[in-house]
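Chains as they are written, first to last, in this note's numbering: chain A, 5 to 219; chain B, 5 to 219.
Take a look at the structure set out below.
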DNA sequence: GGGGATATCTTGACAGTGTCTAGATAAGCG
DNA sequence: CGCTTATCTAGACACTGTCAAGATATCCCC
């Protein structure tokens, strides 16, 4: 019985691009339920496929989550790039914009953010994931190098700036999605523009004023 | 058959202080397996009690985790206090010490830290938990007030300092237990004392130099 | 084009999970 | 002592992730 092949070829036994479909479904499930209530069978059901299907592509549930985290870094960097492209053309503005993109991503994809940065279910030895995470880190070091004029990999003081800025952006992002910053009531009443300026100021505190200092 | 009543009264049907025993067992299980692999039945087994026993004391698994998080804030604040008591007697040193205690706690109890700050399984409406979390926050605002001479609750610039310092300490703590800071290779080779000084410097960057500025 | 090898997906089974209910046991109190 | 209440056990249920066996489609070489 050849069912409506015209509408969708969904009736096909082979899915075509199930790997992508599963990742899409998993991302939705993740954002809806959070990591702690993530269900592989629910992902399969959402993708209209049997509960055993994901195993062939990802091995197990953690494999799927690892792939999802890896893909997440693409969006993560893209959001930072977008912020940077809108920023004025000086190193500090670019750095602040990058940090705002960091926070943007956390707010828009809180569960994915947690998966990427705080989950034990991802395989950190996975080369694809490690490469993606490293790219995000290198991006930050380049910003600091542009400001301080020296490669943080070779200079301890510049690396301190890297850790400071990273810590600030990450901390603000994590606390924001945990809804911990609501106590600072004035934040809720701020316009987006004011909020960005407020966060930018804080992010730039990570940069040491002792520019170019090194051993 | 009255079994050895002398050694432990464990043979008693009623446990005596099962609530505390369950919390202790849960804390061990949590640190061993992480939140994402936490099992209520494993907790019951560790406490040598039936799988249904926890329900009577905590309602459900999330109730147990909420109580555990609430108790965690006690240790959390205690660790900060210990650091502060060892610090020299000036407001900035106290603030930095408090931040180091923040990081200490995360390193010693990573899973509990994640439960307290990044889990969706705790009931944030729980009054006991909210009160504990608030106490930790107020502690920080007092440090900033001691430095800037104005209550952050009434001054936006002082509150910015609060969020900055909190973000830094939290970000460094979270990234540390995620083992993300290993790339900054020199950190591993540092003595505890040097590492503390390094983190202290970063934490204090959260304090704005424009002291006492206010609208 | 045909046909065997291979990739892909389904199905059923299994142990483990959290929660609910009913019942057993202990403790408290009149 | 006996009734009430608190506490804990035991069994059932639906759901979970993973595994093994089988069904089905696609690929590729003859």
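Glycine included, C-beta positions come from ideal geometry on N, C-alpha and C.
Quick caveat: nothing in here was measured; it's all calculated off a predicted structure.
Where residue i meets chain A, residues with beta-carbon distance less than 9 Å
| i | result |
| --- | --- |
| residue 101 (chain B) | Near residue 101 (chain B) there are no residues of chain A at all, since even the closest Cβ is about 17 Å away, more than 9 Å. |
| residue 174 (chain B) | 171, 174, 175, 176, 178, 179 and 184 |
Nearest neighbour of residue i, chosen from the options [CA to CA]
| i | options | result |
| --- | --- | --- |
| residue 167 (chain A) | B:108, B:180, B:81 and B:157 | B:180 |
| residue 211 (chain B) | B:177, B:95 and B:133 | B:95 |
| residue 110 (chain A) | A:28, A:183, A:90 and A:71 | A:183 |
| residue 165 (chain B) | A:141, A:202 and A:52 | A:202 |
| residue 187 (chain A) | B:200, B:194, B:198 and B:142 | B:142 |
| residue 23 (chain A) | A:131, A:59 and A:108 | A:59 |
| residue 127 (chain A) | A:118, A:99 and A:66 | A:66 |
| residue 20 (chain B) | B:43, B:57, B:44 and B:191 | B:57 |
| residue 51 (chain B) | B:132, B:160 and B:25 | B:25 |
| residue 177 (chain A) | A:36, A:112 and A:99 | A:112 |
| residue 161 (chain B) | B:35, B:213, B:34 and B:97 | B:213 |
| residue 130 (chain B) | B:87, B:117, B:70 and B:92 | B:70 |
| residue 233 (chain B) | B:175, B:197, B:85 and B:204 | With chain B represented from 5 up to 219, any question about residue 233 (chain B) goes unanswered, as that position is not in the structure. |
| residue 85 (chain B) | B:97, B:93, B:101 and B:92 | B:101 |
| residue 204 (chain B) | B:190, B:185, B:97 and B:194 | B:97 |
| residue 62 (chain B) | B:169, B:199, B:195 and B:27 | B:27 |
N- and C-terminal bounds of the alpha helix (DSSP H) containing residue i
| i | result |
| --- | --- |
| residue 194 (chain A) | Unbroken run through residue 194 (chain A): none, as it is neither H nor E. |
| residue 148 (chain A) | 131-152 |
| residue 107 (chain B) | 95-112 |
| residue 36 (chain A) | 22-37 |
| residue 80 (chain A) | 65-90 |
| residue 183 (chain B) | Unbroken run through residue 183 (chain B): none, as it is neither H nor E. |
| residue 62 (chain B) | 57-62 |
| residue 50 (chain A) | 44-50 |
Beta-carbon separation (whole angstroms), residue i vs residue j, contact threshold 8 Å
| i | j | result |
| --- | --- | --- |
| residue 206 (chain B) | residue 171 (chain A) | 7 Å |
| residue 122 (chain B) | residue 38 (chain B) | No, residue 122 (chain B) and residue 38 (chain B) are not in contact; Cβ-Cβ is about 12 Å, not under 8 Å. |
| residue 46 (chain A) | residue 54 (chain A) | Going by Cβ atoms, the distance from residue 46 (chain A) to residue 54 (chain A) rounds to 13 Å, so no, they are not a contact pair. |
| residue 72 (chain B) | residue 31 (chain B) | 6 Å |
| residue 240 (chain A) | residue 83 (chain A) | Here chain A covers residues 5 to 219 and nothing more, so residue 240 (chain A) does not appear. |
| residue 125 (chain B) | residue 40 (chain A) | 6 Å |
| residue 151 (chain B) | residue 99 (chain B) | 6 Å |
| residue 81 (chain B) | residue 173 (chain B) | Contact flag wrong, Cβ pair sits at about 14 Å. |
| residue 43 (chain A) | residue 33 (chain A) | 7 Å |
Interface residues of chain A facing residue i [CB-CB closer than 8 Å]
| i | result |
| --- | --- |
| residue 39 (chain B) | 40 |
| residue 209 (chain B) | 168, 209, 210 and 212 |
Chain B contact residues for residue i, given Cβ-Cβ distances below 7 Å
| i | result |
| --- | --- |
| residue 124 (chain A) | 38 and 40 |
| residue 121 (chain A) | 182 |
| residue 187 (chain A) | 141 |
Neighbouring residues, chain B, relative to residue i (Cβ below 9 Å)
| i | result |
| --- | --- |
| residue 205 (chain A) | 164, 168 and 212 |
| residue 190 (chain A) | 160 and 163 |
Cβ-heavy atom distance, residue i to the ligand NAD, below 6 Å
| i | result |
| --- | --- |
| residue 41 (chain B) | Looking for the ligand NAD in the displayed structure turns up nothing, as the structure carries no ligands at all. |
Contacts that residue i makes with chain B (C-beta to C-beta distance below 8 Å)
| i | result |
| --- | --- |
| residue 202 (chain A) | 164 |
Where residue i meets chain A, residues with beta-carbon distance less than 7 Å
| i | result |
| --- | --- |
| residue 118 (chain B) | 122 |
Does the stretch 64-79 of chain A come close enough to the stretch 134-147 of chain A that 3 or more CB-CB pairs lie under 8 Å? yes
Is there contact between the stretch 139-148 of chain B and the stretch 154-161 of chain A, where contact requires at least three CB pairs shorter than 8 Å? no
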